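Position one of the sequence shown corresponds to residue 1186 (our numbering), numbered consecutively onward.
We put the CB at the ideal spot given by N, CA and C, even for glycine.
Remember, predicted model here, so these are calculated numbers, not experimental data.
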Amino acid sequence: MKQLKSYRVWIVLGLLALTIVGCDNYTNEWYPRNHHGYYDDYVSDDMLAMAEYIEGQWSSTLIAKYTEGGIAYADSFYVDYTFQRSKNQASGIGTEYTFTLAEEPYKTRKFTWYINQDGHVYIDFADHVSMVIYYDDFRLDRSRFWGTMTAIKGVQEYDEFDLTYQSAHAKSNRLGNGRSYGGKANTVMVKGVAMSKTK
């Protein structure tokens, strides 16, 4: 009887060990920052300020340069982007509304977005197209967002945009202190901290 109890203890301990080893952290693969090799949850004040600047509605023109069937095209559109930011995060969701120059509706797409520690803005559209706005390729302040956006998944496309802030509510001055972000603003982003470029 004593030997039988001993086996039961070893079996229970063995099962417990397997249970502990078999546990794995759950990760939701659609969480935007799990894409493009970005897994760090650290969000700096500069990343939050950039996200606060981006949040809202932006409108103006976009020139899409793309390749289809080996032929290069360039089309101009009016665009409206609505960026919604997750609370205390440098990420969120949004909608892109695209219109022809004759102001006819062309396309509407939902997306998720986030800013990584290098200051790049990643946009993952619901139609499986992913684009990135590299930090060196844009300038962002409280009223204007301009630069280039490059497709990294789904299409061969390169877009030039020049957007003006449209939201009716005034932006808070809590973060950013009125500064500009992006390589075209003569700054660099290192591990989430924006610094002036040295000459």
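- Message: Can you give me the C-alpha to C-alpha distance between SER1228 and GLN1274, rounded to a whole angstrom?
- Response: First, the residue type needs correcting, since residue 1228 is Val and not Ser in the sequence shown. If I take the Cα positions, the gap works out to 7 Å.
- Task: Return the CA-CA distance between GLY1255 and VAL1317, expressed in angstroms with no decimal places.
- Result: 22 Å
- Task: Below 6 Å CB to CB, which residues in the same chain sit around THR1333 once its five sequence neighbours on both sides are set aside?
- Result: Short of 6 Å from the beta carbon of THR1333, and not among the five residues preceding or following it, lie these beta carbons of its own chain, in chain order: ASP1322 and GLU1345.
- Query: Pick from ASP1230, GLU1288 and MET1235: whose alpha carbon is nearest that of SER1244?
  - Reply: GLU1288 is the residue among ASP1230, GLU1288 and MET1235 whose C-alpha sits nearest the C-alpha of SER1244.
- Task: Name the two residues that bound the continuous alpha helix (DSSP H) containing ALA1234.
- Result: Residues 1230-1239.
- Query: Residues in its own chain within less than 6 Å of ALA1370 by CB, not counting five upstream and five downstream?
  - Reply: ARG1324
- Identify, in the order they occur along the chain, each residue of the same chain with its Cβ nearer than 6 Å to the Cβ of TYR1319, setting aside the five sequence neighbours on each side. HIS1305
- Relative to the C-alpha of PHE1296, which residue among THR1285, TYR1266 and PHE1284 is closest? TYR1266
- When we look at the beta-carbon of ARG1270 and count the other beta-carbons within 10 Å, is it buried (16 or more) or exposed? buried
- Secondary structure of TYR1320, DSSP reduced to three states: helix
- Less than 9 Å separating the beta-carbons of VAL1264 and THR1252? It is not a contact, given that the beta carbons lie outside the stated cut-off.
- Message: For the beta strand (DSSP E) containing SER1276, name the first residue and the last one.
- Response: 1276-1284
- Take PHE1284 as the anchor and find which of LYS1292, ILE1278 and ARG1327 has the nearest alpha-carbon. LYS1292
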